[in-house]
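Heads up: the sequence lines are chains A and B, in that order. Following my numbering, the numbering of the first sequence begins with 11 at its first residue and continues without gaps. Following my numbering, the numbering of the second sequence begins with 232 at its first residue and continues without gaps.
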Amino acid sequence: MTHRIVILGAGTGGTLAANRLRREYSTDEATITVVDQDDVHVYQPGLLFVPFALARPDDIVRPRQDQLHDHIEYIQSPIEAVEPDADRVHLTDGTVLDFDVLVVATGAALLPEETEGLTGPGWGEKVHTFYTLEGATALRDSLAAFDGGRLVINVVDMPIKCPVAPLEFAFLADWFFTDRKMRDSVDITYVTPLDAAFTKPVAAKRLGGMLAERGIDLVTEFNTGEVDGEGGRLVSYDEREVPFDVAVVIPLHGGQPYVGRSPGLGDALDFVPTDPHTLQSQSRPNVFALGDATNVPASKAGSVTHFEGDVLVENVSRFIAGEELDASYDGHANCFIETGFGKAMLIDFNYDTEPLPGHFPSKVGMPLLKESRANHLGKLMFQWFYWHALLPGRDIPGIGPDMPTTGKRSPESESP
Amino acid sequence: MPTKTVAGTTVEVNDEGFFTDPSQWTEEMAPELAEAEGIDTLTDPHWTVIRFMRQEFEEKGTGPTVRALGKTSGVTVKELYQLFPKGPAKIAARVAGIPKPRGCI
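So this is what it looks like as structure tokens:
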């Protein structure tokens, strides 16, 4: 019998899952069909660099289809809905796909229209986001023309993709205006709904200190209720205001709208309730999910998706073979944080262990939670690995799915 | 483990004032817990939110975030901030006797 595997989404998760599953099964054993609404695969970590003219928009985009191996069928169409109980997907172009196993990998959607005023007057002119290619490009032009004043970076609410990216943006803005010899005439303010610069205590302290060292103001517990582009101010639900000349806003995120149209598939925010260790969805046993589309309590980040890929492919195979699932995904995430002036730092963590200082992957390796030139070069080099190793589903030497503990220093051993 | 006395009963709380054992909570405790948060009178919309928080906790093991509350409780985010100023999710969780919502990473 030929198993029908349908994968929704041809981003990081969908592409690597399709390529790995294709290696796992002959064409007689399984058909693999991938669906996405367009043919534009964006290397999302590159979006951070576009506003500072450190990457060109063309450099970070490739066709989705070219990343998929032979014998993977690619259908380009928006998705209407999944009928989980009928093992069926309806596409907007009218195609109906029956599946034996479904993999949901459609990521997160940006929902700027859910914040009052955000897409109103000034959107794309003085109110920007760098989370889309179009937004990052418009912001580049705005920053190039900026002649001083108040630059505000605002995270509207969690969860967001790559939770460190807004901080990186602040660090790079500090570098950018210093490099242009106009840092003194720019006020940079970082406005977050969290009670600190970041979610996890040890890293939050370090990152908060780095904002202070760079003269970047930090406004915490600010729940943005309105973005007033015309008046140049953010207004919180508890009626505090932060004025700006240019605002860089990370909009609300949700799952994709079709998830909400699919009975029982998603939660209130259209993310797919998913077992955090097996990646099986909670809606149906033959539906799996990975990456930003899930509700698992891990960062929405490419590294998470990459590490989830191993467990996902293993469990799709075990499910097809009627075997017990492997519950080994540990929430491992690994992020380079660009800190400006040609340096970056690395953080490595999972569901149970917050980002700690030390070295990765073992006692000899890249410094963790500490700025270095090597980490910056690592971050730049990663784009090559992304297209040539991660998406094709090859292993990256030294970077495995389970979080290494050797090389990390716990807060107890750290503090005096 | 710190304890405090609410409506004549001793309950276990953590150092941020969240119940560690939600089964110790009763509806009679809510007005006193609310007063400690600066809410003098619990109105019907307050109770809608409190009961919704309890129900979500029982079903999902964690209280909802403000945004999820705004989408599913029938009370808008704006109204939530009027009912439970300065952090509806946290304050409503304290009044409803459930642990701090896990929120997001």
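Beta carbons are placed, not taken as given, at the ideal position from N, Cα and C, and that holds for glycine. This structure is a prediction, so every number in the text was calculated from the model and none was measured.
Chain-ordered residues of the region 278–294 of chain A with a beta carbon less than 7 angstroms from chain B: Residues of the region 278–294 of chain A with a Cβ closer than 7 angstroms to any Cβ of chain B, in chain order: Ala278, Leu279.
Positions along the region 231–247 of chain A whose CB lies within less than 8 angstroms of some CB in chain B: Listed by position, the residues of the region 231–247 of chain A near chain B (Cβ gap below 8 angstroms) are Glu231, Asn233, Gly235, Tyr247.
Among the candidates A:Ser313, A:Phe346, A:Val326, whose CA atom is the shortest distance from the CA of aspartate 340 of chain A? Nearest of A:Ser313, A:Phe346, A:Val326 to aspartate 340 of chain A, Cα basis: A:Ser313.
Which residue from B:Thr274, B:Leu273, B:Asp275, B:Lys302 puts its Cα closest to that of glutamate 287 of chain B? Of the candidates B:Thr274, B:Leu273, B:Asp275, B:Lys302, B:Lys302 places its Cα closest to the Cα of glutamate 287 of chain B.
Using a Cβ-Cβ cut-off of 7 angstroms (strictly less than) and excluding sequence neighbours within five positions of alanine 214 of chain A, which residues of its own chain qualify? Here alanine 214 of chain A has Ala206, Ala207, Phe208 as same chain residues with Cβ atoms under 7 angstroms from its own Cβ, once five neighbours each way along the sequence are excluded.
Do you know offhand how far alanine 154 of chain A's Cα is from alanine 148 of chain A's? Looking at the backbone, the Cα of alanine 154 of chain A and that of alanine 148 of chain A are separated by about 10 angstroms.
Of all the CB atoms in chain B, is at least one closer than 7 angstroms to the CB of aspartate 167 of chain A? Yes - at least one Cβ of chain B is within 7 angstroms of the one on aspartate 167 of chain A.
At the level of alpha carbons, what is the spacing between phenylalanine 179 of chain A and serine 338 of chain A? Taking C-alpha positions only, phenylalanine 179 of chain A is separated from serine 338 of chain A by approximately 34 angstroms.
Determine the direct distance from the alpha carbon of asparagine 164 of chain A to that of glycine 24 of chain A, and round the result to whole angstroms. About 30 angstroms.
Here's the rule I'm using: 16 or more other beta-carbon atoms within 10 Å means buried, otherwise exposed. How should threonine 199 of chain A be labelled? The residue in question, threonine 199 of chain A, is buried, as its Cβ has 16 or more Cβ neighbours within 10 Å.
Under 6 angstroms Cβ to Cβ from asparagine 29 of chain A, same chain only, skipping five residues before and after it: list those, please. Closer than 6 angstroms at Cβ, skipping near neighbours: His79, Pro402, Gly403.
For proline 131 of chain A, return the contacting residues in chain B, with the cut-off set at a CB-CB distance below 8 angstroms. Chain B residues near proline 131 of chain A: none, gap ~21 angstroms exceeds 8 angstroms.
For a cutoff of 7 angstroms on Cβ pairs, would you count threonine 241 of chain B as touching chain A? It does not; no Cβ of chain A falls within 7 angstroms.
Given that alanine 299 of chain B touches chain A, what residues does it touch there, using C-beta distances under 9 angstroms? Result: Asp277, Ala278, Leu279.
So, is the C-beta of threonine 303 of chain B closer than 7 angstroms to a C-beta in chain A? Chain A has a Cβ within less than 7 angstroms of the Cβ of threonine 303 of chain B.
In the DSSP assignment, find the beta strand (DSSP E) that holds leucine 228 of chain A and state where it starts and stops. Going by DSSP, leucine 228 of chain A is part of the beta strand (DSSP E) stretching over 227–229.
Do you know how far the Cα of aspartate 184 of chain A is from the Cα of valine 201 of chain A? Going from the Cα of valine 201 of chain A to the Cα of aspartate 184 of chain A covers about 15 angstroms.
In three-state DSSP terms, what is leucine 149 of chain A? In this structure, leucine 149 of chain A counts as helix in the three-state DSSP scheme.
Count the other CB atoms within 10 Å of the CB of isoleucine 406 of chain A; is the residue buried (16 or more) or exposed (fewer)? For isoleucine 406 of chain A, the number of other beta carbons within 10 angstroms of its own is below 16, and it is reported as exposed.
Three-state secondary structure (DSSP) at arginine 8 of chain A? For residue 8 of chain A there is no data in the structure shown, the boundaries of chain A being 11 and 426.
Neighbour flag for lysine 235 of chain B against chain A, beta carbons, 7 angstroms: No, lysine 235 of chain B lies away from the interface with chain A (no Cβ there is under 7 angstroms from its Cβ).
Taking only beta-carbon positions, decide if lysine 331 of chain B is within less than 7 angstroms of chain A. No, its Cβ sits nowhere closer than 7 angstroms to a Cβ of chain A.
Three-state class that DSSP yields for phenylalanine 317 of chain A in the structure shown: Phenylalanine 317 of chain A: helix per DSSP, three-state reduction.
Taking the C-alpha atoms as reference points, what is the distance between isoleucine 70 of chain A and glutamate 318 of chain A? Taking the straight line from one Cα to the other gives about 23 angstroms.
By a C-beta neighbour count over all protein chains shown, 10 Å radius and 16 as the cutoff for buried, is valine 50 of chain A buried or exposed? By the neighbour-count rule (16 or more Cβ atoms within 10 Å), valine 50 of chain A is not buried but exposed.
Counting only C-beta atoms, is lysine 317 of chain B closer than 7 angstroms to chain A at any point? The beta-carbon of lysine 317 of chain B is placed less than 7 angstroms from the nearest beta-carbon of chain A.
Count Cβ pairs between the region 246–256 of chain A and the region 87–97 of chain A that sit closer than 8 angstroms; are there 3 or more? No, the region 246–256 of chain A does not touch the region 87–97 of chain A.
Just checking, does the region 85–92 of chain A make contact with the region 34–50 of chain A on the three C-beta pairs under 8 angstroms criterion? Touching, yes.
Can you find the residues in the same chain that come closer than 7 angstroms, C-beta to C-beta, to arginine 279 of chain B, ignoring five residues on each side of it along the sequence? Here residue 279 of chain B is threonine; the residue named in the question, arginine, does not match the sequence. Apart from sequence neighbours up to five positions away, the residues of its chain that approach threonine 279 of chain B with a beta-carbon distance below 7 angstroms are Ser304, Gly305, Val306, ordered along the chain.
Extract the residue ranges of the beta strand (DSSP E) inside the region 236–301 of chain A, only unbroken runs of 3 or more that lie entirely within it. The region 236–301 of chain A contains these whole beta strand (DSSP E) runs: 243–246, 251–253, 256–260, 297–299.
Using a Cβ-Cβ cut-off of 8 angstroms (strictly less than) and excluding sequence neighbours within five positions of cysteine 335 of chain B, which residues of its own chain qualify? Any answer about cysteine 335 of chain B is weak, because its pLDDT of 47 lies below 50 and its placement is not dependable; what the coordinates show is given next. The answer, listed in chain order, is Thr296.
With distance defined between alpha-carbon atoms, name the residue in A:Val326, A:Asp277, A:Asp76, A:Pro122 nearest to glutamate 290 of chain B. Answer by Cα proximity: A:Asp277.
On a Cα-Cα basis, can you pick out the residue from A:Gln393, A:Pro365, A:Ala257, A:His398 that is closest to glycine 417 of chain A? For the residues A:Gln393, A:Pro365, A:Ala257, A:His398, the minimum Cα distance to glycine 417 of chain A belongs to A:Pro365.
Taking all protein chains shown into account, do 16 or more other C-beta atoms lie within 10 angstroms of the C-beta of valine 237 of chain A, making it buried, or fewer, making it exposed? Counting Cβ neighbours within 10 Å, valine 237 of chain A comes out buried, since at least 16 surround it.
If contacts are defined as beta-carbon pairs under 8 angstroms, then histidine 386 of chain A and proline 377 of chain A qualify, I think. What distance do you get, rounded to the angstrom? The pair is not a contact, with the Cβ atoms about 12 angstroms apart (cut-off 8 angstroms).
Tell me which same chain residues have a C-beta within less than 7 angstroms of the C-beta of glutamate 424 of chain A, skipping the five on either side of it? In this prediction, glutamate 424 of chain A has a pLDDT of 46, which is less than 50 and means its spatial position is unreliable; nothing more can be read from the coordinates.
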